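Going by the working numbering, the first residue of the sequence shown is number 2, and it counts up by one from there.
A virtual CB, placed ideally from N, CA and C, is assigned to each residue, including glycine.
The structure presented is a predicted model; accordingly, all values stated were derived computationally and were not measured.
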Amino acid sequence: MFKFITHRPLWLNIVTGIALAIGLFCLVVLSLNWFTNHSASKTVPYVLGKSYEDAEKLLTKAGFEVVIQDSVYTDTTKPLTVLKQVPDADEVVKVNRTVYLTINRAVPPMVEMPNIVGYSYRSAEMVLMNAGLKPGDTTFKPDFAKNSILEQRFNGQLIAAGTQVRMGSRIDMVLGDGVGNQQIVVPNLIGKTYEEARVLLEAYGISFASVMASGVSDTANAFIYKQTPERMREDHRYNYIRPGQTIDIWLQTDRPALDSLLPMPDVSNPE
């Protein structure tokens, strides 16, 4: 063999060596392709919205392995539904590639009930949604704190802040209707300044509705000469008002004549 090589011209030996090296390289590359299925690829099926069982069957049949990567909860989708897949649908990848799935949880997780008592309805609604809960039914009861949350309830029972409930649960709310349940005699505001009357009414949870102040430049120090409702009816019986209701007033610059002023009753005890 050595004699065969040594008796051949040097250039021929070099060419032969190069040819053998190229042939060996091609053989190795072709072998790798055959062992690793380098040229075998498939398109990833679309499994979003399918049940995990159906998605697994479809992906396995297409030559892919399936792994649940994560699970989240949304109440708008059926349990165990595929929400996300990696690689995405219609991507062309090698066979035997793993497809990672995110599915919807079968059971909602537990979350902590926030405290919404004292919040306005809009604020309470946002707090509940941020906690993964939903606003339920709303009922009203007399209270001058209009649209303020007085009670938070779950399944008909009061629920304390910090209690564990299922995500997506509906929380019922009891709100103030803006009117108290205690009747008081309408205060006599005639002869008082706007500011004096405002302080008095605030103590009873009453406010002004309309303020007529034609020709008045200093409203705070102007005098009230007329109000609706009045303190007394024509039959000399008291008018009554509830916290949360309102009174209309008329203002003028000068204090009304003293003989038009009436004594003011004890509004907390009309009897």
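So, at 7 Å on beta carbons, what are the nonlocal neighbours of residue i in its own chain, with the 5 sequence-adjacent residues on each side left out?
i	result
Asp71	Thr103
Arg98	Phe65
Ala63	Lys43 and Pro46
Pro110	Tyr74 and Met168
Tell me the DSSP bridge mates of residue i?
i	result
Arg171	Lys135
Ser211	Note: Ser211 sits in no beta bridge, so no partner.
Leu159	Arg154
Phe65	The partner list for Phe65 (beta bridge, DSSP) is empty, contrary to what the question assumes.
Tyr241	Val186
Met233	Tyr239
Ser72	Ile104
Gly177	Lys147
Gln86	Leu102
For residue i and residue j, I'd like the C-alpha separation in whole angstroms.
i	j	result
Ile207	Tyr239	17 Å
Thr61	Arg123	49 Å
Lys79	Asn105	7 Å
Gly1	Gly192	No information on residue 1 is available, as it lies outside the stretch 2 to 272 that the chain covers here.
Cys184	Lys227	Note that residue 184 is Gln in the sequence shown here, rather than Cys. Taking the straight line from one Cα to the other gives about 22 Å.
Asn156	Arg234	47 Å
Asp91	Val83	16 Å
Val302	Leu81	The chain is shown only over 2 to 272; residue 302 falls outside these bounds and no answer can be derived.
Met114	Ile172	9 Å
Leu129	Asn116	9 Å
Pro276	Glu54	Outside the displayed span of the chain (2 to 272) sits residue 276, for which this structure offers no information.
Ala210	Thr77	45 Å
Val112	Lys95	42 Å
Asn182	Asp219	35 Å
Phe141	Val108	33 Å
Tyr241	Val187	5 Å
Leu176	Lys85	41 Å
Under 8 Å Cβ to Cβ from residue i, same chain only, skipping five residues before and after it: list those, please.
i	result
Leu59	Pro46, Val48 and Lys51
Leu159	Glu152 and Gln153
Gly179	Asp144, Phe145, Ala146, Lys147, Asn148 and Gly245
Asn270	Model confidence at Asn270 stands at a pLDDT of 46, short of 50, so the residue's coordinates are unreliable and nothing is read from them.
Under the rule that 16 or more other beta-carbon atoms within 10 Å means buried, what is residue i, buried or exposed?
i	result
Glu1	Since the first and last residues shown for the chain are 2 and 272, residue 1 lies out of range.
Gln246	buried
Gly216	exposed
Met213	exposed
Val268	With a pLDDT of 45 at Val268, under the threshold of 50, the predicted position of this residue should be treated as unreliable, though the coordinate-derived value follows. Label assigned to Val268: buried.
Asn189	buried
Ala223	buried
Val100	buried
Gln165	exposed
Ile248	buried
Ala22	exposed
Leu25	exposed
Got a sec? Which residues, its chain only, sit under 6 Å from residue i by beta carbon, not counting five neighbours each side?
i	result
Tyr120	Ile150
Any beta carbon of chain B sitting closer than 8 Å to that of residue i?
i	result
Val118	Among the chains of the structure shown, chain B does not appear; only one protein chain is present.
Next item on the list: Would you mind listing the alpha helix (DSSP H) stretches within the segment 88 to 128 that are 4+ residues and don't spill past its ends, in chain order?
Entry: Taken in chain order, the complete alpha helix (DSSP H) segments of 4 or more residues contained in the segment 88 to 128 number zero; there are none.
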